[in-house]
Amino acid sequence: VVGVHSDEEITLNKRAPVMNNEQRLALVHACKWVDEVVFDVPYTASRELLEQLDCDYIAHGDDIPVNADGSTIFDTVQDKLRIFRRTPGVSTTHLIQRLLDAVKYHSTPDTLRSPEMMTSTSSWSSFMASASRISAFSNDRMPTEQDKVIYIDGDFDLFHMGHVAALKKAKQLGTFLYVGLYSDEVIAEKKGKFFPLMDLQERVLNVLSCKYVDDVIIGAPWTLSRNMIKILNICKVVSTKNTELSTSPDQSDRFCVAKEMGIYSEIRADTEYNTDMLMKRIVAQQETLETQNQARVQKAKQYSEESGFYCEAPKATESN
Numbered sequence: 379v380v381g382v383h384s385d386e387e388i389t390l391n392k393r394a395p396v397m398n399n400e401q402r403l404a405l406v407h408a409c410k411w412v413d414e415v416v417f418d419v420p421y422t423a424s425r426e427l428l429e430q431l432d433c434d435y436i437a438h439g440d441d442i443p444v445n446a447d448g449s450t451i452f453d454t455v456q457d458k459l460r461i462f463r464r465t466p467g468v469s470t471t472h473l474i475q476r477l478l479d480a481v482k483y484h485s486t487p488d489t490l491r492s493p494e495m496m497t498s499t500s501s502w503s504s505f506m507a508s509a510s511r512i513s514a515f516s517n518d519r520m521p522t523e524q525d526k527v528i529y530i531d532g533d534f535d536l537f538h539m540g541h542v543a544a545l546k547k548a549k550q551l552g553t554f555l556y557v558g559l560y561s562d563e564v565i566a567e568k569k570g571k572f573f574p575l576m577d578l579q580e581r582v583l584n585v586l587s588c589k590y591v592d593d594v595i596i597g598a599p600w601t602l603s604r605n606m607i608k609i610l611n612i613c614k615v616v617s618t619k620n621t622e623l624s625t626s627p628d629q630s631d632r633f634c635v636a637k638e639m640g641i642y643s644e645i646r647a648d649t650e651y652n653t654d655m656l657m658k659r660i661v662a663q664q665e666t667l668e669t670q671n672q673a674r675v676q677k678a679k680q681y682s683e684e685s686g687f688y689c690e691a692p693k694a695t696e697s698n
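Under our numbering, think of the first position of the sequence shown as 379, with each following residue one higher.
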């Protein structure tokens, strides 16, 4: 059971959310590990809430948040609290700062850019993906001869509800969905400095967490080849407005082979929301977000610097 706070509750206790209620709910509903979603839960947990939701425990990462009055949000449910280590290098605060760095850089004329603007906060925190981590997200399934394999690709940067809508629509066309993820180098070439905002490993895990996705192609080629289509047994190649790189003019040519084979189509998702729209929301809130995030960046940086080894392997059981 995942409880989702409202925009108002988050703003009161933390800061204005980058994504609104609808956008955050879409992501949680699409997560393959979520069984039930409850909206508008209070920021501070209570025993009454756990009883109402019929939950035995409440879980959170080891970065325990505080509410508006400065007390921890789990004070009254300490005996029900189960703490796990937050994934190293993954932080909402850090991601927001990367967004702000990119917005500031690209909105400033070349002649006015300072040396400080050339370095993102990625320099002090980055996610390190191991094979075991990626394996834990994998569905461990390969397509069969009977599967109708669908392929869609994109950067899937800042995974949002537009991506979810595109993946849902694509999956409805077949029984197995491959998602191609471009490398960081390809995206930087197409979109410029500070992009992608999330590196390839982060984007891979985001997409793998979506319940509509069966597998991903890590570092997918910009131009889809006949050989790749044959090897993956792709029956249909699709694209949507939600997954296009808006700054790249040469998008249509990359599907020329699929078009020649008669297996390409452009589909329309239930929403046209895309990464540019999310970025515009950030620009509109830039000054407020910078002020609200400043203190949190120092806290996140301290957490990153002080983090040490944490054993995540299951404890061995004693034999009789």
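We treat Cβ as the ideally placed atom computed from N, Cα and C, and that holds for glycine.
Residue i versus the options, residue with shortest Cα-Cα distance
i: residue 660; options: 632, 475, 433; result: 475
i: residue 523; options: 611, 637, 440, 583; result: 611
i: residue 415; options: 400, 662, 617; result: 400
i: residue 707; options: 576, 617, 422; result: Since the displayed the chain opens at 379 and closes at 698, residue 707 lies outside it and no answer follows.
i: residue 508; options: 457, 419, 642, 465; result: 465
i: residue 580; options: 599, 482, 470, 618; result: 470
i: residue 417; options: 380, 453, 429, 448; result: 380
Paired residues, beta bridge with residue i - DSSP
i: residue 462; result: 439
i: residue 468; result: Beta-bridge pairing links residue 468 to no other residue.
i: residue 617; result: 644
i: residue 596; result: 559
i: residue 612; result: 527
Where residue i sits in the DSSP three-state scheme
i: residue 450; result: strand
i: residue 382; result: strand
i: residue 562; result: helix
i: residue 643; result: strand
i: residue 412; result: coil
i: residue 575; result: coil
i: residue 554; result: strand
i: residue 419; result: coil
i: residue 570; result: coil
i: residue 531; result: strand
i: residue 391; result: helix
i: residue 588; result: strand
i: residue 481; result: helix
i: residue 444; result: strand
i: residue 473; result: helix
Supposed close pair residue i, residue j - CB separation, criterion 8 angstroms
i: residue 583; j: residue 515; result: 5 angstroms
i: residue 542; j: residue 405; result: 6 angstroms
Pair every Cβ in the region 434-442 with every Cβ in the region 406-418, then say whether three or more of these pairs are closer than 8 angstroms. no
With a threshold of 8 angstroms, are at least 3 pairs of Cβ atoms found where one atom belongs to the region 590-597 and the other to the region 566-574? no
Any contact between the region 644-656 and the region 539-554? By contact I mean 3 or more CB pairs, one from each, below 8 angstroms. Contact between the region 644-656 and the region 539-554 is established, with three or more Cβ pairs separated by less than 8 angstroms.
I want to know whether the region 437-454 touches the region 384-400 - three or more CB-CB distances under 8 angstroms. yes
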